[in-house]
Amino acid sequence: MKVAQPLEVLRAPTAGAAQYIIERRGDGFVLRAADGAGRPVGSEERLGAAELAERVRTLESAHPRWVWDTQQVYPALLSAGVRVRRAHDLRLARAVLRRSELTAASFTDVPLDDWDGTPDPAPQAGGLFELQRETAATAGPVDELARQLVAIIGCAAPSRIRLLLALESAGALAAAEMAWDGLPWSAPEHDRILTDLAGPRPPDGVRPQRVEVLVTRIRDELHAPRLNPDSAPDLLRSLRLAGVAVESTRSSALQQVDHPVIAPLLQYKKLARLLAANGWHWLDTWVADGRFRPDYLVGGVVTGRWATRGGGALQLPKQIRGAVVADPGWRLVVADAAQLEPRVLAALAGDHALADAGRGRDLYEGIVATGAVPDRASAKYGVLGALYGATSGPGGRLVPRLSHRFPKALGLVEQAARTGERGGVVSTLLGRTAPPPQGVHAAAFRPGIEPSGDDIPAQRARSIARDRGRFTRNFIVQGSAAEWALCWLADLRTRLAAIAPDTAEQPHLVYFLHDEVIVHTPAHLAQQAAQAVEQAAVTAGRTLFGHFPIDFPLDTAIVDRYSDAG
DNA sequence: CCCAAAGGCCAC
DNA sequence: AAACGTGGCCTTTGGG
């Protein structure tokens, strides 16, 4: 792998110690300087939160690497107004290193301990890890760092793993900062959207007026005066009694049917879902002081994507994105990477034909232009079918035509699928490795699984193998795309910090969603922030794929509210 | 009472 | 419209 220009997160410090290790101990912190090999230099300092913040502020001028569990330490710094450039997150690094096929051997003899624990800063007692923790003595951060550095240096591709860990750690910094800053959220706008759709907010336990009207219409049409439309069994029974032949109460099934109840029922489902998931109660719970503060879990998804806990931050319905409003005098830069996953696949596979199709803006139109498929919709569903492992339906049927035109790209995902079907593991570009088959599923891949006794029946084993193949097929693409996105995020974060350094009002990240970012910026810096977003995307492409000619175009908009983008 | 599964739908 | 990948989270339901 070629690294065209070093990212800030990979640079050496300008002076002083290479890195500092910080550990939370009791109600204070312990800080130690260390050399490049992680060996402590000098003695440890015990510091309170305020002292720590001042020490870090001073030492940060040399751009050292901060070695810590970001969740445990960084919030105390953020609340004191201190931010840092680079980190090595020991907990996130442990998770990657233990799994990666490049480094796993260094950890097979290391029992599960606190460094493997749940990412939750306040884990509930009684869980699986809790039991295992009691038996495993956890090494301190100095020993853990040394072990991690040995594992990295000794592996077959240190630069890939080093980059992955630097990106993961930069993500941890960004996540903590975004949680601290919060996503600008207008409660009055949110309330207006809900009121326009459902009627004014009712007392608890009462349906909003528009919803009540819909429920009454549904009950009348079905002659079911006591029907609870939220109960799938109840609803299915009533539909059938009224002569509506459906297999389930899913909206997609209902849409196939012609009956006067369908229209109000579909409206009800849409509205009830919005109110349950992102209604007034959500607003009360998750929005305070004009900010929504989701709890991001960096690397919370097996593929390396982020997850969130509480608030459903990664599934904000488009209907309520109008409530995301920039502060007065500020703007939002909203950007998403167009067709990120197929572009990443093209570069991963070295498929020049697919890369060429993506030159310019729309990759799907580029595929149409090759003559492989007749229209954009076919290109899109064919490509998604190939990434997800569709075998039938309109998407699946298009795959062979794409295979013919883009043999390298399609061949790579096919190969990943076959590895998975055999029970093997696959890895992303930077070396994040998929977990092996677990539990009963592992048995499906052992030799001699023909049905006998309590073995898994052959048909079931084949089904498990196909599921696994679709997982590994998608893993290499989704996971490598997540690496591109992390690289984009990490580089953007440092670019934004450089736009108006040492001023009170700086452009800053407020949202990250797989292939999309939102920057909240003073209005007069919006153009510069948008430029940083574009430049970071170029850097991400070059960092991950060197000189391979692949474009990662963005759809970028400078807006007052999220819903005005795209 | 708590808890997990099922059905469903939101996002990418 | 697509049944085909990764998740979170809501309500209902039924078990202990």
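For the working numbering, count along the first sequence from 1 and bump the result up by 4. We put the CB at the ideal spot given by N, CA and C, even for glycine.
| Any idea what DSSP makes of Asp293, helix, strand or coil? | Indexing the first sequence from 1 puts residue 293 at position 289. It is coil, neither helix nor strand.
| Do Val337 and Thr560 have their C-beta atoms closer together than 9 Å? | By one-based count along the first sequence, residue 337 stands at place 333. By one-based count along the first sequence, residue 560 stands at place 556. It is a contact, given that the beta carbons lie within the stated cut-off.
| Straight-line Cα distance separating Leu258 from Glu64 | For the purposes of this step, residue 64 is taken as residue 60 along the first sequence, with counting starting at 1. For the purposes of this step, residue 258 is taken as residue 254 along the first sequence, with counting starting at 1. Rounded to the nearest angstrom, the two C-alpha atoms are 59 Å apart.
| message | Quick check: the Cα distance between Arg164 and Ala541, rounded to an integer number of angstroms? | response | On the first sequence, residue 164 is found 160 positions in, with the first residue counted as 1. On the first sequence, residue 541 is found 537 positions in, with the first residue counted as 1. About 19 Å.
| message | Nearest by alpha-carbon distance to Val248: which of Pro229, Leu231, Glu225 is it? | response | Taking the first residue of the first sequence as position 1, residue 248 is located at position 244. Per the Cα distances, Glu225.
| query | Could you give the distance in angstroms between the alpha-carbon of Gly362 and the alpha-carbon of Thr437? | reply | Stepping through the first sequence from its first residue, residue 362 is reached at position 358. Stepping through the first sequence from its first residue, residue 437 is reached at position 433. The alpha-carbon atoms of Gly362 and Thr437 are separated by roughly 28 Å.
| message | Does Ile562 pass the burial test, meaning 16 or more other C-beta atoms within 10 Å, or should it be called exposed? | response | Here residue 562 corresponds to residue number 558 of the first sequence, with the count starting at 1. Ile562 should be labelled buried.
| said: If you follow the alpha helix (DSSP H) that Phe549 is in, where does it begin and where does it stop? | reply: In the first sequence, residue 549 corresponds to position 545, counting from 1. Note, Phe549: alpha helix (DSSP H), 530-549.
| query | Pairing CB atoms from the stretch 460-467 with CB atoms from the stretch 404-413, are three or more of them under 8 Å? | reply | no
| field | Cβ-based neighbour list, Ala383, same chain, cut-off 7 Å, excluding 5 preceding and 5 following | value | The count along the first sequence starts at 1 and reaches residue 383 at position 379. Same-chain partners within the cutoff: Tyr368, Ile371, Val372, Val377.
| Using the rule of at least 16 other Cβ atoms within 10 Å of the residue's Cβ for burial, across every protein chain shown, is His512 buried or exposed? | Walking along the first sequence from the start, residue 512 turns up at place 508. The residue is buried, with at least 16 neighbouring Cβ atoms inside 10 Å.
| message | Considering just the uninterrupted stretch of the beta strand (DSSP E) at Gln23, what are its terminal residues? | response | Counted from its first residue, the first sequence places residue 23 at position 19. Element bounds for Gln23: 23-29.
| Start-end ranges of the alpha helix (DSSP H) lying completely within the stretch 383-437, minimum 4 residues | 397-409, 411-425
| query | Any idea what DSSP makes of Arg90, helix, strand or coil? | reply | Here the question's residue 90 lines up with position 86 in the first sequence. In this structure, Arg90 counts as strand in the three-state DSSP scheme.
| Contacting residues, own chain, Cβ-Cβ under 8 Å from Leu243 (five flanking each side not counted) | One-based indexing of the first sequence puts residue 243 at position 239. Correct list, in chain order: Leu226, Val250, Thr253, Val265.
| Is Ser47 helix, strand or coil by DSSP? | Taking the first residue of the first sequence as 1, we reach residue 47 at position 43. Three-state DSSP puts Ser47 in a strand.
| request: For Ser467, I'd like the list of residues in its chain whose CB is within less than 8 Å of its CB, leaving aside the five on either flank, ordered along the chain. | output: Start at 1 with the first residue of the first sequence, and residue 467 comes out as number 463. Once the five neighbours on either side are set aside, Ser467 has no close Cβ partner at all.
| At a cut of 8 Å, does the stretch 502-521 reach the stretch 164-181 through at least three beta carbon pairs? | yes
| query | Which residues in the same chain as Tyr392 place their Cβ atom closer than 7 Å to its Cβ, once the five residues preceding and following it in sequence are excluded? | reply | On the first sequence, position 388 is the one that residue 392 refers to. Cβ neighbours of Tyr392 beyond the five flanking positions: Arg474, Asn478.
| query | Between the C-alpha atoms of Leu269 and Arg309, what's the straight-line distance to the nearest angstrom? | reply | Translated into the one-based positions of the first sequence, residue 269 becomes position 265. Translated into the one-based positions of the first sequence, residue 309 becomes position 305. Near 35 Å, if we compare the C-alpha coordinates of Arg309 and Leu269.
| task | Label Ser47 either buried or exposed according to how many other C-beta atoms from any shown protein chain fall within 10 Å of its C-beta, with 16 as the threshold for buried. | result | Mapped onto the first sequence, residue 47 falls at position 43. Classification of Ser47: exposed, given that the 10 Å Cβ count is below 16.
| query | How would you call Arg29, buried or exposed, if buried means at least 16 neighbouring beta carbons within 10 angstroms? | reply | What you label residue 29 is simply residue 25 of the first sequence in a count that begins at 1. The residue is exposed, with fewer than 16 neighbouring Cβ atoms inside 10 Å.
| Residues in its own chain within less than 6 Å of His445 by CB, not counting five upstream and five downstream? | Within the first sequence, residue 445 is the residue found at index 441, counting from 1. Counting only Cβ-Cβ distances below 6 Å, and skipping sequence neighbours, we find Ile468.
| task | May I ask you to report which of helix, strand or coil DSSP gives Arg565? | result | On the first sequence, position 561 is the one that residue 565 refers to. Residue state, collapsed to three classes: strand.
| said: Excluding the 5 residues flanking Tyr300 on each side, which residues of the same chain have their C-beta closer than 6 Å to its C-beta? | reply: Within the first sequence, numbered from 1, the residue matching residue 300 stands at position 296. These residues qualify, in order along the chain: Ala179, Trp310, Thr312.
| request: Classify Arg450 as helix, strand or coil using the three-state DSSP reduction. | output: Translated into the one-based positions of the first sequence, residue 450 becomes position 446. Coil at Arg450, not helix or strand.
| query | Since His524 is in the beta strand (DSSP E), which residue starts that stretch and which ends it? | reply | Position 520 of the first sequence, counted from the first residue, corresponds to residue 524. 520-526 is the span of the beta strand (DSSP E), which, as asked, contains His524.
| query | With a Cβ-Cβ cutoff of 9 Å, do Gly303 and Leu153 count as a contact? | reply | The sequence position of residue 303 within the first sequence is 299, counting from 1. The sequence position of residue 153 within the first sequence is 149, counting from 1. No, they are not a contact pair.
| Hey, quick one: how far does the alpha helix (DSSP H) through Trp492 stretch, first residue to last? | Start at 1 with the first residue of the first sequence, and residue 492 comes out as number 488. 462-503 is the span of the alpha helix (DSSP H), which, as asked, contains Trp492.
| What span of residues does the alpha helix (DSSP H) with Pro57 cover, start to end? | For this step, residue 57 is matched to residue 53 along the first sequence. The identity of residue 57 in the sequence shown is Ala, whereas the question assumes Pro. Counting along the chain, the alpha helix (DSSP H) containing Ala57 begins and ends at 53-63.
| query | Whose C-beta lies closer than 8 Å to the C-beta of Val3 among residues of the same chain, with five residues either side of it excluded? | reply | No statement about residue 3 is possible, as the shown extent of the chain runs from 5 to 570 and does not include it.
| request: Below 8 Å on the Cβ atoms is my guess for Arg102 versus Trp189; work out the distance and round it to an integer in Å. | output: To locate residue 102, count along the first sequence from 1; it is residue 98. To locate residue 189, count along the first sequence from 1; it is residue 185. With a Cβ gap of about 37 Å, Arg102 and Trp189 do not count as contacting.
| request: Spatial neighbours of Asp471 within its chain, please: CB distance less than 7 Å, with the 5 preceding and 5 following residues excluded, ordered by chain position. | output: The sequence position of residue 471 within the first sequence is 467, counting from 1. No residues qualify anywhere along the chain.
| said: Taking the straight line between their C-alpha atoms, what separation do you get for Arg409 and Asp555? | reply: Within the first sequence, numbered from 1, the residue matching residue 409 stands at position 405. Within the first sequence, numbered from 1, the residue matching residue 555 stands at position 551. Cα to Cα, Arg409 sits roughly 19 Å from Asp555.
| field | Simplified DSSP state of Leu350, which is helix, strand or coil | value | Residue mapping note: residue 350 aligns to position 346 of the first sequence, counting from 1. Note that residue 350 is Ala in the sequence shown, not Leu. Looking at Ala350 - three-state DSSP - the assignment turns out to be helix.
| field | beta strand (DSSP E) segment containing Thr312, residue limits | value | Position 308 of the first sequence, counting from 1, holds the residue named residue 312. Residues 311-313.
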